[in-house]
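Novice:
2 protein chains.
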Amino acid sequence: MRILGIDPGTARCGWGVIDVSKHDGRVTYVKHGCIESDKMINTQDRLVKVHRNICDLIQEYKPDQVSLELLFMFNNQKTVMKISEARGVILLACGQNGLKDQTYEYTPGQVKLAVTGSGRADKKLVVEEVKKAFPEAAVSSGKKDGFDDAADALAVAMARFHKYIEEEIK
Amino acid sequence: MRILGIDPGTARCGWGVIDVSKHDGRVTYVKHGCIESDKMINTQDRLVKVHRNICDLIQEYKPDQVSLELLFMFNNQKTVMKISEARGVILLACGQNGLKDQTYEYTPGQVKLAVTGSGRADKKLVVEEVKKAFPEAAVSSGKKDGFDDAADALAVAMARFHKYIEEEIK
């Protein structure tokens, strides 16, 4: 069972792929990355890029499920609007590629809880825990901050993994 | 010069097409409608429908420009998120169909000002003014409220028309 985790954004959109063994519930790292858009290009170009890249990722890695981070109360309305526009094209890409009934969404609190055991953990701890879970992912990063961008995406994939295991046990 | 006006939404997404004569600046009504999605279907199906319909409209009516209503400070964060998701797939459809440098956005205040002469006019007055401008559009509506849904879209197309004329005069 393969999960594609996505941390939505237009300037930087992190993604991470993990495999879950249905046999023993073990989780293994597959790949991670970040869709980056130059700040100078316009919103529509960015949205086209995010949409095309997500479609490509789905076709390349063929995930069975997608796990997407839900927005939570931001103070900045503009940020909410920009991230929601990116979420729109990501949800569209999943819907167009046969994953509409396999797209799950988790709040930042749920993601933190799944990864660190606390819904109020800070971002640094989330990154550390993801690094511990997938040391090969952290090592494979070329850029110093390359992993941090995708860590949230791997974390949201792990949130889905935890929920999946819970559901399987039931 | 043809303008496609869009009033973004996932449940109801109004649209209206108008033609502007470059010769004498006269504006004529072409068509209007509303992309409706059943409230029972999920967000992804709705986004897929809005995206496909906007792509179809662009291919059928071949607008030179698109005019889109910008969101303005809402109280309800959920509404902002839902409408922004729809805006994301609409901006994507325009970007994918060669209109990325021909997409204009206007705030509700700018739209009201263009149509009624006041940035603080109520929705009813906007609908009345659009009816006066395009009586054939109001008549052609089958459903009683069919026109009201698209009136905002025709109004945002008119906002672009006014701006275009201003720019031409300069």
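Chains as they are written, first to last, in the numbering used here: chain H, 1 to 170; chain S, 1001 to 1170.
Glycine is no exception: its CB is placed at the ideal position from the N, C-alpha and C atoms.
Check this for me: beta carbons of P108 (chain H) and F72 (chain H), under 7 Å apart or not?
Specialist: Closer than 7 Å, so yes.
Novice: Buried or exposed for T10 (chain H), going by 16 or more other Cβ atoms inside 10 Å?
Specialist: Buried.
Novice: Are any of the Cβ atoms in chain H nearer than 7 Å to that of G1142 (chain S)?
Specialist: For G1142 (chain S), the predicted structure reports a pLDDT of 48, less than 50, and the residue's modelled location is therefore unreliable. The matter cannot be settled from this model.
Novice: Measuring only between beta-carbons, confirm whether V1156 (chain S) sits less than 7 Å from chain H.
Specialist: So, not an interface residue.
Novice: When you compare the CB of V80 (chain H) with every CB in chain S, is at least one pair closer than 7 Å?
Specialist: By this cut-off, V80 (chain H) is an interface position.
Novice: Ordered along the chain, which non-local residues of its own chain (more than five positions away) have a Cβ less than 6 Å from that of M1197 (chain S)?
Specialist: Nothing in the structure corresponds to residue 1197 (chain S), since chain S is present only between 1001 and 1170.
Novice: Listing by chain order, which chain S residues have their CB less than 8 Å from the CB of V89 (chain H)?
Specialist: Chain S residues near V89 (chain H): G1088, V1089 and L1092.
Novice: Identify every run of the beta strand (DSSP E) within the segment 1096-1132 of chain S, keeping only runs that are complete inside it and at least 3 residues long; order them along the chain.
Specialist: Runs found: 1103-1106.
Novice: Over what stretch of residues does the beta strand (DSSP E) that includes T28 (chain H) continue unbroken?
Specialist: T28 (chain H) -> beta strand (DSSP E) spans V27 to E36.
Novice: Below 8 Å, can you find three or more Cβ-Cβ pairs linking the segment 47-62 of chain H to the segment 87-95 of chain H?
Specialist: At 8 Å Cβ cutoff, the stretches touch.
Novice: Identify each residue in the segment 39-69 of chain H for which the Cβ-Cβ distance to at least one residue of chain S is less than 8 Å, and report them in chain order.
Specialist: Of all residues in the segment 39-69 of chain H, N42, T43, Q44, D45, L47, V48 and H51 have a Cβ within less than 8 Å of some Cβ in chain S.
Novice: So what's I41 (chain H) in DSSP terms, helix, strand or just coil?
Specialist: Residue state, collapsed to three classes: coil.
Novice: Going by the DSSP bridge assignment, what does G14 (chain H) pair with across the sheet?
Specialist: DSSP output for G14 (chain H) lists H:D7 and H:C34 as bridge partner(s).
Novice: Helix, strand or coil: which one does DSSP assign to L57 (chain H)?
Specialist: Three-state DSSP puts L57 (chain H) in a helix.
Novice: Could you check the C-alpha separation between D1038 (chain S) and A1137 (chain S) for me, to the nearest Å?
Specialist: One C-alpha to the other measures close to 25 Å.
Novice: In three-state DSSP terms, what is D1152 (chain S)?
Specialist: Note: D1152 (chain S) maps to helix in three-state DSSP.
Novice: Please classify M188 (chain H) as buried or exposed, where buried requires at least 16 neighbouring CB atoms within 10 angstroms.
Specialist: With chain H represented from 1 up to 170, any question about residue 188 (chain H) goes unanswered, as that position is not in the structure.
Novice: For G142 (chain H), does the three-state DSSP call read helix, strand or coil?
Specialist: Here the model assigns G142 (chain H) a pLDDT of 49, short of 50, so the residue's position is not dependable and the matter cannot be decided.
Novice: Can you give me the start and stop residues for the beta strand (DSSP E) that L1068 (chain S) sits inside?
Specialist: Its beta strand (DSSP E) spans residues Q1065 to E1069.
Novice: For S118 (chain H) and V156 (chain H), what's the separation of their Cα atoms in angstroms?
Specialist: Answer to the nearest angstrom: the Cα atoms are 14 Å apart.
Novice: Starting from the beta carbon of G95 (chain H), find every residue of chain S whose beta carbon is closer than 7 Å, and list them in chain order.
Specialist: By Cβ distance, chain S contributes Q1044, D1045, L1047 and V1048.
Novice: Figure out for me which residue from S:K1124, S:E1129 and S:S1021 has the closest Cα to the Cα of I1003 (chain S).
Specialist: Here the closest residue by C-alpha is S:S1021.
Novice: Using a cut-off of 8 Å between C-beta atoms, extract the partners of T1103 (chain S) located in chain H.
Specialist: Result: Q44.
Novice: Suppose you measure from the CA of A1153 (chain S) to the CA of D1101 (chain S); what does that come to, to the nearest Å?
Specialist: Roughly 20 Å separates the two Cα atoms.
Novice: I'd like to confirm the pairing. Which residues does DSSP put opposite D1019 (chain S) in its beta bridges?
Specialist: Note: D1019 (chain S) sits in a beta bridge opposite S:R1002 and S:T1028.
Novice: Run the CB neighbour count on D148 (chain H), radius 10 Å, all protein chains shown included, and call it buried at 16 or more, exposed below.
Specialist: With 16 or more other Cβ atoms within 10 Å, it is buried.
Novice: Check whether chain S comes within 7 Å of E85 (chain H), counting only Cβ atoms and requiring the distance to be less than that.
Specialist: Chain S, which has a Cβ nearer than 7 Å to the Cβ of E85 (chain H), makes this yes.
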